[in-house]
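Residue numbers (full-length UniProt numbering): 1 to 158. Every residue, glycine too, gets a C-beta built ideally from N, C-alpha and C. Only a predicted model underlies this, so the values are computations on that prediction, with no experimental measurement involved.
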């Protein structure tokens, strides 16, 4: 009899700040998990790193969202802030390009948090695993204060 080894995708904090459950994000599309399961960090610094190891597949023209695919095929969307698409890329500076291989030590971008606050935008850095049909369960640590690149959990795959 063959035993199938459980595949797990390691998840990392994209920034320094407070880890929150997706249900606490102030936007129903995210909090009700309409685009997938995941987590969010309320950032305390401007740097945003990759929450997984994978390949950058998509960078939105407004720089507020980045899509990464892991080696297991998990599709991860990093969405910076709520309604930040309206800002047309102004508070973001990219350090990556499509096709690039990234890991938890790769700085994806910086975001001007003061600018977001000035514009009345929520700055939550949201990490979504969008192809939820591949996921069995997401397990996160119970640590609230996280640092960029620290392992904060895993996604167990079907």
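- By the neighbour-count criterion, in which a residue is buried when 16 or more other Cβ atoms sit within 10 angstroms of its Cβ, residue 29 is exposed.
- Distance between residue 99 and residue 57, taken at the CA atoms: about 6 Å.
- In the structure shown, the three-state DSSP call for residue 84 is helix.
- Collapsing the DSSP output to three states places residue 16 in coil.
- Taking residue 104 as reference, the option from 7, 122, 6 and 15 with the minimal CA-CA separation is 15.
- Secondary structure within the region 2-73: the alpha helix (DSSP H) runs of 4 or more consecutive residues, fully enclosed, are 28-31 (chain order).
- Within the same chain, 63, 109 and 111 come within 6 Å of residue 92 by CB-CB distance, once the 5 residues on both sides are set aside.
- Collapsing the DSSP output to three states places residue 114 in a helix.
- In chain order, 11, 139, 140 and 141 place their CB closer than 6 Å to the CB of residue 153, counting only its own chain and leaving out the 5 sequence neighbours on each side.
- For the 8 Å CB-CB criterion, residue 157 and residue 38 do not form a contact.
- The Cβ atoms of residue 52 and residue 124 lie no closer than 8 Å to each other.
- With contacts defined as CB atoms closer than 8 Å, residue 77 and residue 89 fail to qualify as a contacting pair.
- Taking a C-beta distance under 8 Å as the contact criterion, residue 80 and residue 48 qualify as a contact pair.
- Assignment of beta-bridge partners to residue 78 by DSSP yields 66 and 127.
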